[in-house]
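The structure appears right after this line, and notes come after that.
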Amino acid sequence: MRASQPQSIYLKDYRKPPFLIDHVDLRFELFEEQTRVHSRLQVRRNPEADGAERDLVLHGEDLELETLTLDGRPVEDAVVDSESLRISNVPDQFNLDVVTCIRPQENTRLEGLYKSSGMFCTQCEAEGFRRITYFLDRPDVMACYRTRIEADSEQYPVLLANGNPVDHGEMEGGRHQVTWEDPFPKPSYLFAMVAGDLVEKRDEFTTGSGRVVDLRMYVEPRNSDKCEHALASLKKAMQWDEEVYGREYDLDIFMIVAVDDFNMGAMENKGLNIFNSSCVLASPETATDAAYERIESIVAHEYFHNWSGNRVTCRDWFQLSLKEGFTVFRDNQFSADMGSPTVQRIDHVNMLRTAQFAEDDGPMAHPVRPESYIEIGNFYTLTVYEKGAEVVRMIHTLLGPDMFREGSDLYFARFDGRAVTTDDFVATMEEASGRDLGQFRRWYEQAGTPVLHVSDHFDAEKGVYTLSIEQSCPATPRQPHKAPFHIPLRMGLLDSTGEPLPLDDIGNTEQVLELTESRHSYRFKDLKERPVPSLLRNFSAPVKLDYAWSRDQLMFLVSHDPDGFNRWDAGQKLAIDVIQSMLEGNDTEVDERLIEAYRNLLTDTSLDRAMVARMLALPGTAYLIELTRDADVQAIHETRQRVQTTVANALREELLAVHMRNQSSEPYAFSAERVAARSLANSALSLLTLIGDEAGKDLAVEQFRDAPNMTNRFGALSALVNSPFEKERDRALEQFYVDWQDDPQVVEQWFAVQSGSPWMGGLKRVRELLEHPAFDWKNPNKIRTVIGVFAARNLVHFHEPDGSGYRFLGEQIQRLDASNPQIAAGLAQPLTRWRRYAPRLRESMKSVLEELLAEPQLSKDLFEVVSKSLQ
Ligand code: 0A1
Ligand code: ZN
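With our numbering, letter number 596 in the sequence shown gets 584, and the count goes up by one each step, no holes.
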């Protein structure tokens, strides 16, 4: 047990900052052993503060204070503890000079200033700036920064910070300095600096108003051929934000830096975005289509933050979804416009339903706007990001695109340069549209996934069809009772030929029903026959929908629903029903209708190939677990596998034909059409190798050998790894490593394909990977691709009935907690879901959590996750 219990921080305790800092002047002296940070703060008492504080209390952690002067006079009586610096009785306005010493070389937490592959870089969100110098490290304190960086000229020729470069020069001792000034006031979490021996790739973008913006990407020399895609994505994002949201970029330079050691995906620091290498570097030879897609959306996400996050920022960390929910919604809209909107929606909902619904149903469930936290780093969650985006999407649905745009224009105009709340966002949308979103605000306040129970009745005599809908929401921690949500439910009705039926007098065939009560019933008149309902089109709300479709109705929707998302979802529901009734022993064989549905998909060449690839994928094991109480993972995995192999065996010829039809000899292009063809060909290949098909094996070996790009090569590797062909698999894995050992991003994929595969000998192989020379305990990507992927994707082995998978994870978490608590707490996620599993599994998961909680040195991060999941 920890000696002291860390304190919770509550939204209800929010107070305006007692002091404001208008200007920050920083000077970094970078040396190999330590870095000296000189900071001059222009401080004044906040006229709007709630009470009159006499003392100034600054945040600071792991800092060595060297000197402290107030208006030029040394401060003798400052009180320093492990988290703060207190100066008593300060005047109303003053300059404070602070010199601190820090050790970036020893910083394994990767928060604040640290070193990665020989370069210095920073990560200040959420509370990293206090690890650089003493400061009011809270987002509602916004200042203008001037940053001077001094370092050895040879080792660190490139010196970057936010804003525009205003000065540079040589110094004594082979050193140099560059000074940057950011004219936009910003919170400390958006501060960034970088020093390294980096190559620069340049491009430019001319804004709508005719300003030329310098685009620069900085990478290690070995990555200089991997910048094109990120720069192209950036330009598309800049253009899109002007067209769709009327947002122009505001500085003269926009910089992107790639670093190998990074806790998250990327960071939107003002004018100087810093990226995890795996989320920005790509070439056709080294990155798969999936990586190209990820990069396009993350580059856009970080860029969009320049308005939704930077120009308008969060008042406090409870408001995190203000920037993240809105920005994810924006990047989803962007990705939809760049490719196929339906496919993009399917991928996104699949992730939301598998992972966010699980979070909302577990012990860490929290509202989109949480009410309390111990460590804010634990709240960069799928709920804040993805459910937050769904909430913004529902506002978009309720208001319609034009009104939504008016609302967003008003929001950006009114709150530019300010730190605001999710409530300010909603109120602005209300003001612009005249709609009342009072009840809608519950989406920000109540945790848990609402459930819609739908039943229907057809009165054949009167020709009246009635839909009855009841909503409820399960209890979540500290919220036993829920009030009804305001839910937009997009729907339509189809007749028996598949024609959409008019739903009102004007002949609309689609409607958005607005559910606000616990129960509603809707009547549709003048119908000749019982219609088939198509509900929750395009997943219009993040809810679970319960309606007893028959298998025939689902088959019918797969081919007739005009809503592409619902066509896919009907296929998923059909497959779930087949798998579940086999699991429950109600069916012994795979329903022929499912096989026929797949046959149609494979033979109808008029269908969108990206859609076909999605529809061919059975619901994932993780999602099936989420749908099951007392989940028996082995049984679920085996049943799913049986359905998959039955389908693949029945459709062998069709799969071979699909693989053949979707080959191309053209050079790599990241176009929707080519991506779709590669994805379909790879899906077919993996089904063939899965069933041990000899022709499939030969195709995979050949594709692996001759692949002109990483999508094909990795597709073949993954097909062999998930197959009974051990000899070919081992050969391919070995060759792949020999070819790509010098490329960390490719080696990460090599790790992931092995640790995530149920065919690779489970824990034994994962332990071998930990011993592999390419594994690095200090690199979050390696940790995630070996340990994280094992626990999240290799479900049969992670949930080994003897508990070995859980104990393994517990050991690694414990080991990592000392060096990188944020990563350790993230890895603990799968264990927090222990209540969902069969009794034996549940007990062993729980005991691993209990052992972790007994650790005396537990970090705040891990303490919060572990203690809350045992409550
Ligand atoms: N704001 C970034 C995500 C991010 C959050 C925290 C980090 O370190 C603790 C790093 C990045 C985004 O949404 O992209
Ligand atoms: Zn973000």
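For glycine and all other residues, C-beta sits at the position ideal for the given N, C-alpha and C.
The three-state reading of DSSP puts Q307 in helix, counting H, G and I together.
Pairwise C-beta distances place the stretch 250 to 260 in contact with the stretch 176 to 185, as three or more of them are shorter than 8 Å.
At least one heavy atom of ligand 1 lies closer than 6 Å to the C-beta of N251. When the alpha-carbon of S309 is set against those of V356, D277 and D155, the nearest one is in V356. Closest by C-alpha distance to K834, out of K848, L819, K513 and L58, is L819. S652 sits away from A601, with the two beta carbons spaced by 7 Å or more. The continuous alpha helix (DSSP H) containing T591 extends over residues E580 to T591. Nearest neighbour of D493 by Cα position, chosen from F512, E714, V25 and A806, turns out to be F512.
Note: W168 is bridge-paired with T135 and P153 in the DSSP secondary-structure output. Judged by their CB atoms, F314 and W228 are not nearer to each other than the 7 Å cut-off.
Between V25 and the set E99, R15 and R32, the nearest pair of CA atoms involves R15. Remark: the C-beta of T315 is in contact range of ligand 2, defined as less than 6 Å to any heavy atom.
No heavy atom of ligand 1 is found nearer than 6 Å to the CB of M205. Annotation: R126 is outside any beta strand (DSSP E) and is labelled neither H nor E by DSSP. E113 has its CB no nearer than 6 Å to any heavy atom of ligand 2. Counting only the Cα atoms, K766 lies some 25 Å from A149. For A254, the CB falls within less than 6 Å of some heavy atom of ligand 1. The C-beta separation of L590 from V566 comes to about 18 Å, leaving the pair out of contact by the 8 Å criterion. Going by DSSP, Q723 is part of the alpha helix (DSSP H) stretching over E714 to W728.
For G798, the enclosing alpha helix (DSSP H) stretches over residues S792 to D805. Annotation for E374 indicates a beta carbon at 6 Å or more from all heavy atoms of ligand 2. Within the stretch 254 to 322, the complete beta strand (DSSP E) segments at least 3 residues long are 260 to 264 and 300 to 302, listed from N- to C-terminus. In the DSSP assignment, the residues bridged to C109 are Y102 and V182.
With 16 or more other CB atoms across the displayed protein chains lying within 10 angstroms of its CB, G365 is buried. Spanning the alpha carbons of A610 and R91 requires a straight line of approximately 42 Å. Not one heavy atom of ligand 1 falls within 6 Å of the beta-carbon of Y432. Counting every other CB atom within 10 Å of its CB across the protein chains shown gives H156 a total below 16, marking it as exposed.
If you ignore the 5 residues before and after E419, its C-beta comes within less than 8 Å of the C-beta of G395 and L398, all in its own chain and listed in chain order. Here the alpha carbon of T633 sits roughly 26 Å from the alpha carbon of Q737.
Look at A762 here: in three-state DSSP terms it is coil, with no helix or strand label. Remark: C-beta atoms of E273 and M603 do not approach each other more closely than 7 Å. For D424, the three-state secondary structure derived from DSSP is coil. DSSP, read as helix, strand or coil, puts F242 in strand.
Per the Cβ contact rule, the stretch 791 to 810 is not in contact with the stretch 286 to 305 (fewer than 3 Cβ pairs under 8 Å).
If you draw a 10 Å sphere on the C-beta of Q(-7), you find fewer than 16 other C-beta atoms in it, and that means exposed. Remark: C-beta atoms of S522 and N496 do not approach each other more closely than 7 Å.
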